[in-house]
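As C-alpha cells, this is what we get:
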C-alpha cells in the first residue's frame, strides 16, 4: 500500500507540473498575440479585507490573541543557513501618531487614506559601508504594519552594539521612494511617539558621527535629501559634526546628525553604515522608529550594500494584516528563497535625473476582467512604483476607463452602489456577502510583461459590516502628473529591483509565510 500511495503521489505531482507548464505556455502564446493577458476575475472572501484581524488569528474556528513575540514582529534566521541567507521582517506602519481608535473604524481608516493622499501628492512634485564578509543574499521577514497604525510595511533592523555586543531592535518603514535611512535618537529634542525605545548613540560602541569633510556630508547627502549637510559643534566633544535636514513634500521631516554604525539585517551585519540619527522628527511615520531608504542614490541601503548584494533586492508584501502572516525583503540576486508560482517577468527600469531616488517603468496597456480598456494616458512613460504609497494613483483618463469597466462588470453581478469614502469614489454595499467575484486589473508593461492585481488589491473595506467596500484606486488631479503604483496593488507579488541591469521583475507569489 505504501508503494502504491507513493507512486500515486508522484503521478499527481507530475500531472500538476505538466498543467503548470501548459498554463505558462498558453500565457506566452497569448502575450505574443499582443493582447493584454491575465486572470479575468477571482473570488474574494471579504474577511481578507478586514483590518481588525491585525491583532488576532483564526484558529479552531475562534479568534485568539497573538503572542507577544508575534506582535512585536521578532525575526529569526531563515532555514538553510548553508545558503548564507538571513531573514528580515516587513510589517504594516501608520502615517499618523499612535491612535487609540479601533483598527477597523471609519475615522481611523479615513485618516490613514488622507495621510496617504499627502504622501502621494508629495511625490508629484520634483524633489530636490564596509563589509565584514561577502554574502550572496540576505532575506528579512516583512509583514503588515497595521499594529503600528499604518497601511505601509515595516521591518525590524538591529542597530549598534553595546560592550556586550547587544544591538537595539528597531522597527522601520520600508520605502523605495527615499534614500537616507534614519531613526529617532537620544537625546531627542522633538520626537513623535514610537513603540520601540529611542536609539541611544552613547550606548553603541560602534557609533561615530560623520565628519564635516566627508563626501557623505556634501554631494552624497545633497543627492539623497536635496540639501548638503552643515557643520556644527555638539555632543559634548567639541568637535564639528555633519548635520542633515531632510524634508518631505507632505511637510514631514527628520533632522539630526549624519552618523555611521553597524546595522543588522536578519543575520547579516554591515559595518560603517551611513544613516541619520534624528534629533527632531515630525510627520507621517506612525509608531515606527524611522525609515529604511531603498532608493537609488549613494546613501540608500541598496547602494551602500551593492558590493555585497550586487544592487539587487526584492520584496513580497503579504495581503493579510494578521500578525503571523509574514512576507519578505530579500537583498541580493539569489532567488532560491522565492516562492513564486509564475516566472519572473521583467520590464525596463527607468531613471529620471530630476527625481533620482525613484524607480519608474512604462505601462502600455490594461484590461479589467479580461476586457481591454483604452485611454490616452496608457503608453505614457515614467509610471512610479513605490512601496511607501498605499493606494495607486492613475492618470485621469486611465482611471475613468478602469473605473467604468470595473463598475460595468461589478454592477452587472448585482452588487449595489454605496457612497464614496475619502479619496475612493467607487464603492459598493456588500452587506450579507461572505464572498464576491472581483474583476481583476491587468497592466501590460513595456516588453510584454503582464501584471495582474490580485483580488485583495482591488477592494478596500471602509466599513467592517461590508456596507461600504470601495475600488482601491484613485485618480490623479491632472493628466500630466506621474502615475503611482502603490503597495496595496503589489500584494502577493514578488517584485524584483535590479539596479545593475535596470530591470523591474514581477511574479505571483503567496506572501503569507507564517514565520
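Numbering (mature numbering (1 follows the signal peptide of the UniProt record, and there is no 0)), first residue to last: -30 to -1, 1 to 485. Backbone N, C-alpha and C fix where the C-beta goes; we use that ideal spot for every residue, glycine too.
Can you check whether the CB of residue j is closer than 8 Å to the CB of residue i?
i, j, result
"residue 259", "residue 325", "no"
"residue 491", "residue 422", "The structure shown does not extend to residue 491, since the chain is modelled only from -30 through 485, so no value can be given for it."
"residue 218", "residue 457", "no"
"residue 425", "residue 410", "yes"
"residue 269", "residue 351", "no"
"residue 240", "residue 150", "no"
"residue 6", "residue 414", "yes"
"residue 453", "residue 354", "yes"
"residue 234", "residue 175", "no"
"residue 392", "residue 84", "yes"
"residue 296", "residue 131", "no"
"residue 360", "residue 86", "yes"
"residue 311", "residue 478", "yes"
"residue 140", "residue 170", "no"
"residue 365", "residue 236", "no"
"residue 220", "residue 264", "no"
"residue 408", "residue 12", "yes"
"residue 16", "residue 406", "yes"
"residue 389", "residue 398", "no"
"residue 10", "residue 339", "yes"
Relative to the C-alpha of residue i, which candidate in the options has its C-alpha closest?
i, options, result
"residue 371", "395, 361, 343", "343"
"residue 319", "132, 474, 176", "474"
"residue 257", "135, 330, 125, 399", "125"
"residue 129", "245, 353, 348", "245"
"residue 261", "428, 83, 135, 145", "145"
"residue 468", "407, 336, 276", "276"
"residue 345", "312, 399, 373", "373"
"residue 180", "85, 209, 157", "209"
"residue 14", "417, 472, 400", "400"
"residue 148", "386, 356, 381, 476", "356"
"residue 336", "226, 90, 367", "367"
"residue 8", "341, 316, 417, 470", "341"
"residue 18", "363, 428, 449, 476", "428"
"residue 472", "330, 82, 274, 89", "330"
"residue 317", "253, 418, 347, 379", "418"
"residue 396", "333, 201, 381, 202", "381"
"residue 225", "153, 242, 177", "153"
"residue 211", "227, 173, 222", "227"
What did DSSP end up calling residue i once you bin it into helix, strand or coil?
i, result
"residue 10", "coil"
"residue 155", "strand"
"residue 304", "coil"
"residue 346", "coil"
"residue 325", "coil"
"residue 467", "strand"
"residue -7", "At residue -7, the pLDDT of 41 sits below 50, so the modelled position is not reliable and the matter cannot be decided from this model."
"residue 229", "strand"
"residue 241", "strand"
"residue 41", "With a pLDDT of only 23 at residue 41, under 50, the local geometry of the prediction cannot be trusted, and no value is derived from it."
"residue 192", "helix"
"residue 481", "coil"
"residue 148", "coil"
"residue 315", "strand"
"residue 129", "strand"
"residue 458", "helix"
"residue 247", "strand"
"residue 209", "coil"
"residue 203", "strand"
"residue 427", "helix"
"residue 414", "strand"
"residue 438", "coil"
"residue 173", "helix"
"residue 77", "helix"
"residue 18", "helix"
"residue 36", "Interpretation of residue 36 is limited by its pLDDT of 30, a score under 50 that renders its predicted location unreliable; the figure taken from the coordinates is listed afterwards. It is coil, neither helix nor strand."
"residue 222", "coil"
"residue 138", "strand"
"residue 91", "helix"
"residue 82", "helix"
Say whether chain C places a C-beta atom closer than 8 Å to the C-beta of residue i.
i, result
"residue 221", "Among the protein chains of the structure shown there is no chain C, as only one such chain exists."
Quiz item: If you scan the stretch 252 to 299 from start to end, which runs of the alpha helix (DSSP H) of 4 or more residues do you find wholly inside it?
Solution: 271 to 274, 276 to 279
Self-check item: Inter-stretch contact (C-beta, 8 Å, three-pair minimum) for the stretch 463 to 478 and the stretch 428 to 438
Solution: no
Quiz item: Is it true that the stretch 282 to 292 meets the stretch 192 to 201, where meeting means three or more beta-carbon pairs spaced less than 8 Å apart?
Solution: no
Quiz item: Which residue spans inside the stretch 363 to 402 form an unbroken beta strand (DSSP E) run of at least 3?
Solution: none
Quiz item: When the Cβ atoms of the stretch 437 to 449 are set against those of the stretch 268 to 282, are three or more pairs found closer than 8 Å?
Solution: no
Quiz item: Does the stretch 155 to 163 come close enough to the stretch 242 to 262 to have 3 or more Cβ pairs within less than 8 Å?
Solution: yes
Exercise. Could you tell me whether the stretch 296 to 311 touches the stretch 169 to 187, using the rule of 3 or more Cβ pairs below 8 Å?
Key: no
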